[in-house]
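Protein chains: 2
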Amino acid sequence: MNARLKKNGLVASAFLATSVDGFIAREDGGLDWLVGRGETLGDTGYDDFFASVDALVMGRGTHDIVKDFDEYPYAGKRMLLLSTSLETTDWPDATLHRSLEDVLDTLEREGITRVYVDGGKTVSTFLREGLLSEITISVAPVLIGHGIRLFDQFESDIELEVIATRELGSGFTQSTYRVVPQPEE
Amino acid sequence: MNARLKKNGLVASAFLATSVDGFIAREDGGLDWLVGRGETLGDTGYDDFFASVDALVMGRGTHDIVKDFDEYPYAGKRMLLLSTSLETTDWPDATLHRSLEDVLDTLEREGITRVYVDGGKTVSTFLREGLLSEITISVAPVLIGHGIRLFDQFESDIELEVIATRELGSGFTQSTYRVVPQPEE
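For the protein sequence lines, the chains are X and U, in the order given.
FYI, the numbering for the first sequence is 206 to 390, going by our numbering.
FYI, the numbering for the second sequence is 206 to 390, going by our numbering.
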């Protein structure tokens, strides 16, 4: 656990959508099960959430899904890509980082505290290291059976505290949880 | 898909609790992460649900967890155990069944239509066969990292329709879904 960064005021949050069986994308990254059903979704709170952060952190998995989008969805935000394999990026205001420590050092150096962490693997990494503060999960009303899971396996229990639960449109439900800080090792 | 049984009026429902990461029990069947936090849970709707069914169907996995309970929790209900390995049972009003077909035939013969399906594997079997009508999932505010998953992997998407979502006590959230009937093959 990186207590130093926590004390420096890092507030890292995640905002994700899953199927009822806990997948954030199909095995090939496909989001058809998600984007196809959002016509009457209404206000998910995403715009407010996005406006509240100063930077994003994501890994290669999410990068590779997003790079095929017609439009880059994170314009105007600092982007930190955490990957040991990505060679280069042409995303605006983006940098590559080989380690979580380098991400954290960079955020600290740039005085960035409010961070949007995206992607199952990166979110799980932040959770495991005790660095995630809050997570909002919007659940689409479907079981897709296979895919990329939101959560990795953890070594020990991670306690959450529900902040809010509500129904969105299109049959979605949404819960926001605060991550209860783990006891120091 | 067993359309005959559906037409005979079978209404099979599930009522389960999971962690936020989608587990119904630890790998050894442990429920400490669940039962330890229910003091202020309030009315989950379980009693009404239990009163509404005429029989239960569960597999060996759930049987082996429940058999270690201090008190048999399903007194007064017909119990059908779906297992290829269980040799005998001393549970009251319980019978052993080697196949889903035998379970369905037995329900039909006994004129039972309202059934409580329990356990991840059996719930997934009923879902896969298009036999589950409704599922209520209560989510405990914790990530346990490893364990027995609620849902197996499915070959194709299964559409759900949210009926209700609410917060319970103790930080639990609960959603009830109707299973949208799949097109006949």
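Glycine included, C-beta positions come from ideal geometry on N, C-alpha and C.
Would you please verify whether the beta carbon of residue i is less than 8 Å from any beta carbon of chain U?
i                            : result
glutamine 387 of chain X     : no
glycine 376 of chain X       : yes
glutamate 334 of chain X     : no
serine 361 of chain X        : yes
phenylalanine 356 of chain X : yes
glycine 241 of chain X       : no
glycine 350 of chain X       : yes
Quick check on DSSP: helix, strand or coil for residue i?
i                            : result
phenylalanine 220 of chain U : strand
histidine 302 of chain X     : strand
alanine 369 of chain X       : strand
alanine 345 of chain X       : strand
leucine 332 of chain U       : helix
arginine 314 of chain U      : helix
aspartate 253 of chain U     : helix
tryptophan 238 of chain U    : helix
aspartate 307 of chain U     : helix
Quick one: does residue i have its CB under 8 Å from some CB of chain X?
i                        : result
leucine 365 of chain U   : yes
valine 347 of chain U    : yes
threonine 381 of chain U : no
glutamate 339 of chain U : no
threonine 370 of chain U : yes
histidine 302 of chain U : no
If we call anything under 8 Å between Cβ atoms a contact, is residue i one with residue j?
i                            : j                            : result
arginine 371 of chain X      : glycine 227 of chain X       : no
valine 384 of chain U        : leucine 332 of chain U       : yes
leucine 285 of chain U       : alanine 256 of chain U       : no
leucine 337 of chain X       : valine 308 of chain X        : no
phenylalanine 274 of chain U : phenylalanine 220 of chain U : no
leucine 312 of chain X       : valine 322 of chain X        : no
glycine 350 of chain U       : aspartate 362 of chain X     : yes
serine 375 of chain U        : glycine 266 of chain U       : no
valine 240 of chain X        : valine 344 of chain X        : no
glycine 264 of chain U       : lysine 326 of chain U        : yes
arginine 303 of chain U      : threonine 289 of chain U     : yes
Per DSSP, residue i forms a beta bridge with which residues?
i                            : result
tyrosine 382 of chain X      : X:Ile340 and X:Val367
arginine 283 of chain X      : X:Ala260
isoleucine 270 of chain X    : Answer is none; isoleucine 270 of chain X lacks a bridge partner.
aspartate 323 of chain X     : X:Met263
phenylalanine 393 of chain X : Residue 393 of chain X lies beyond the residue range present for chain X, which begins at 206 and ends at 390; the question has no answer from this structure.
* Going along the segment 260–277 of chain X in order, which residues come within less than 7 Å of chain U, judged by CB to CB distance? -> none
* To do: Could you run through the segment 209–237 of chain X and flag, in chain order, every residue whose CB is less than 7 Å away from some CB of chain U?
  => Val225, Asp226 and Gly227
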